[in-house]
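FYI, the working numbering numbers position 410 of the sequence shown as 396, with every residue one higher than the one before it.
All C-beta atoms, glycine included, are put in the ideal place defined by N, C-alpha and C.
Presented below is the structure to which this report refers.
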Amino acid sequence: MSIRAVTTQPILNVSILLMASIAVQSPNALAQAYEPICQVGVASGYCRAPSVLTTLEALPEPTPLPLPTPVVPAPTVTPSASVSPLSMGNPLNLTPYDFGSFNRPFSLNSLWNIRPKFVTLGTAEIPKSTYYPLIGTGKYSTTAFLAKPTDPAVKVYPLPGTYGVWDPDAEANFPSIDIPHWPADTLPASGTDGHADIVDVENGMIHSFWQLRQTNGRWVAAQYAWSKLDGRGWGDGSHYFQGARASGIASIAGLIRKNEINDGASQYFHALAMSLTYTGMSEYEQFVFPATSGDRTWRENTGRFPTGALLMLPPTFDSSKISNPDLRKVVNTLKTYGAYVVDRNVGTPFYIYVENGSGFNLHKGGWNSAVGNDLQKIRAALRQVTYAKDWVNALGQPVAALAPLNATSMRGPWKPMVKGGAVPVYDSRKQGVTFGKTDKAYWAESASDRSIPRVSWAKPVKGRLYEFKVKATNGGRAYLRFWGNGAEQFNTRALGDGETYRFNWPMVNGVSILGVVSGVGDKTFIQGMLTEVAQ
């Protein structure tokens, strides 16, 4: 524990999207042999073509579905010698409809469900610590609970003696959180984190809790966040906190699930989730793309791997020498999809999370020295991905581009333009604001730095082309303007539902001002979205 006459389309090119990147490094970090690498923007300025790429797969891919041509050419690279890859294909006969579901959360092209074909790996090694590495269930893992449409609604209250349930995305404490469908078998993990995720398929939401427990006949929790079941599985600059993990994601993201442990496949077809201890977590960066958050006490770390880093085993790691079949399946996954660092633990070099109640146990019948030794070999071989290209999804289809990420937030605080005027209320679940019934049009503005994300990699870049788009009901409107260098640099003017405005981000520093205008009569919902446009 971020319209003008232009014909280009707003997309993010994945060929230069580094999943486990190190964000803009401090001088100290660079001094520790880190290299500048690709960041999230379409032309971030932090990309460099490595001289050598490791080939993760040399087999031909299945016939792909047509996707947009990448808007930024991939760097010129020299692939390494071919290796004997795993036969990927689609052995589970998955379809696009299998994704965004209870058993396979998030979209087909979510960062959790795509893998790179070529990578470069760093040199830093996860150090040993107090305990052996761990892959398994436990009190700091979690369980996904399926909410049925017939399950009753439940209110979740604050922990005794606290002010409210903390919603980090709304940046507010609430007296209670309403969950429309609550499964009767909900049972949080027994550790102090008390993780539990409720998956509401009917409403397409994952409700993620931290320190959830039942006290005196009612449910209480310290923190709540939500994410879209068919979404990215990671936050963005606007909806930056989407779950109970320190990285801002749901605790079931990357989780090895009950239904896939004995599915007959030689590997898992998604990236895994792992935590590192203090000696492995970075002391130089709190988090990097795709993470939008990290532990607040990250400066206590002494290691090299930030939250959000993607770690993989090199293709030369011989999985055939792993005698335990359950461990071998994880190893094969680490060679193809890898594992993202999503949290921090105490004393375990790495911990890859398996769903509680699955019966997964690498040490059945007692401590297995051979497994313990293999886990140490895995620890010593895991490396951070510092560059990646040619991504494919679990169906073997190339992923050329992802949807743009929203770079503005409606959370306020809002100030009425006329004294005593109405102000809107932010709704995290809708990622917008709502005015109550009004007798006339009311204007409100937010000049807070919260209108533009604090997430470092999600901030607008000077000189880039952006589009501001409005979604509104009842005649609501929104606008974005920027004041810098003693003058107004741009003003989108008040735009109605479906209207857009494109502009280049100013080359000067300044203040962004987000404004909204209510309709008249009924309630008015307004959402403004700022996205980068590829050129």
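1. When burial is assigned at 16 or more other CB atoms within 10 Å of the CB, is M515 buried or exposed?
2. Let's see if you can read the secondary structure: which residues bound the beta strand (DSSP E) around T517?
3. According to DSSP, is P56 part of a helix, a strand, or is it coil?
4. Using C-beta distances below 8 angstroms, list every residue in its chain close to G470, excluding the 5 sequence neighbours before and after it, in chain order.
5. Taking the straight line between their C-alpha atoms, what separation do you get for T116 and P335?
6. Could you have a look at M507 and say whether DSSP puts it in helix, strand or coil?
7. Can you grab the Cα-Cα spacing for the pair T81 / A259, in whole Å?
8. With 16 other CB atoms within 10 Å as the buried threshold, where does P46 fall?
9. For the beta strand (DSSP E) holding I100, just list the boundary residues, first then last.
10. Can you tell me where the beta strand (DSSP E) holding A367 begins and where it ends?
11. Below 8 angstroms on the Cβ atoms is my guess for V327 versus S261; work out the distance and round it to an integer in Å.
12. Determine the contact status of Y528 and V519, defining contact as a CB-CB distance below 8 angstroms.
13. Check whether the region 291 to 304 touches the region 356 to 376, taking contact to mean three or more Cβ pairs, one atom from each stretch, closer than 8 angstroms.
14. Report the rounded CA-to-CA distance for G221 versus G343, giving the unit in angstroms.
15. Given a cut-off of 8 angstroms, decide if G289 and M267 are closer than it, judged by their beta-carbon atoms.
16. Do the region 128 to 145 and the region 186 to 196 make contact, defined as three or more Cβ pairs closer than 8 angstroms?
17. F92 to F255, Cα distance in whole Å?
18. Beta-carbon within less than 6 angstroms of P167's beta-carbon, same chain only, minus the 5 sequence neighbours each way: which residues are those?
19. Rounded to the nearest angstrom, what separates K141 and D171 at their Cα positions?
20. Based on the DSSP secondary-structure assignment, which residues constitute the bridge partners of N490?
21. Measuring CB atoms only, is the region 242 to 254 touching the region 310 to 323, in the sense that at least three cross pairs come out at less than 8 angstroms?
22. Indicate the three-state DSSP secondary structure (helix, strand or coil) for T62 in the structure shown.
23. Of all the beta strand (DSSP E) runs that stay within the bounds of the region 121 to 162, which reach a length of 3 or more residues?
24. Would you kindly report the start and end of the unbroken beta strand (DSSP E) that includes L313?
25. Provide the residue(s) that pair with M298 in DSSP beta bridges, ordered along the chain.
26. Please list the terminal residues of the continuous beta strand (DSSP E) segment that includes V187.
27. Which same chain residues end up closer than 8 angstroms to G150 when comparing Cβ atoms and leaving out the 5 residues on each side of it in sequence?
28. Compare the C-alpha of F275 against each of A182, M396, L391 and name the closest.
29. Just checking, does the region 373 to 393 make contact with the region 464 to 479 on the three C-beta pairs under 8 angstroms criterion?
30. With a cut-off of 8 angstroms on the beta carbons, I'd call I192 and F346 a contact; round off their distance for me.
31. For the structure I just gave you, are there three or more beta carbon pairs, one from the region 100 to 110 and one from the region 224 to 235, closer than 8 angstroms?
32. Check this for me: beta carbons of V105 and Y373, under 8 angstroms apart or not?
33. Which residues does DSSP list as the beta-bridge partners of A458?
34. Return the chain-ordered list of same chain residues with a C-beta closer than 6 angstroms to the C-beta of A139, the five sequence neighbours on each side being excluded.
35. Find the nearest neighbour of F511 within the set D483, T178, Q272, judged by alpha-carbon distance.
Taking the definition as stated:
1. buried
2. 510 to 518
3. Bear in mind that the predicted position of P56 carries a pLDDT of just 33, short of 50, making it too unreliable to give a figure here.
4. P492, V494, N495, G496, V497
5. 8 angstroms
6. Here residue 507 is Gly; the residue named in the question, Met, does not match the sequence. It is a strand residue.
7. 23 angstroms
8. Any reading at P46 must be qualified, since the residue scores a pLDDT of 34, below 50, and its modelled position is unreliable; the value itself is stated next. Counting Cβ neighbours within 10 Å, P46 comes out exposed, since fewer than 16 surround it.
9. 100 to 107
10. A367 -> not in any beta strand (DSSP E); alpha helix (DSSP H) instead, spanning 355 to 367.
11. 7 angstroms
12. Residue 528 lies beyond the residue range present for the chain, which begins at -13 and ends at 521; the question has no answer from this structure.
13. yes
14. 28 angstroms
15. yes
16. yes
17. 13 angstroms
18. Here the sequence assigns His to residue 167, which means Pro is not the residue at that position. Same-chain partners within the cutoff: A133, D137, D186.
19. 16 angstroms
20. L451
21. yes
22. Residue placement at T62 is flagged as unreliable, the pLDDT there being 32, under the threshold of 50; the coordinate-derived value follows with that caveat. Note: T62 maps to coil in three-state DSSP.
23. 130 to 133, 140 to 144, 151 to 153, 158 to 160
24. Taken as a continuous stretch (DSSP letters only), L313 belongs to no beta strand (DSSP E), being part of the alpha helix (DSSP H) at 311 to 322.
25. R369
26. It is not in any beta strand (DSSP E) - V187 carries neither H nor E in the DSSP assignment.
27. P144, A158, N159, F160, P161
28. L391
29. no
30. Their Cβ separation, rounded to whole angstroms, is 22 angstroms, which puts I192 and F346 out of contact at 8 angstroms.
31. no
32. yes
33. I512
34. P166
35. D483
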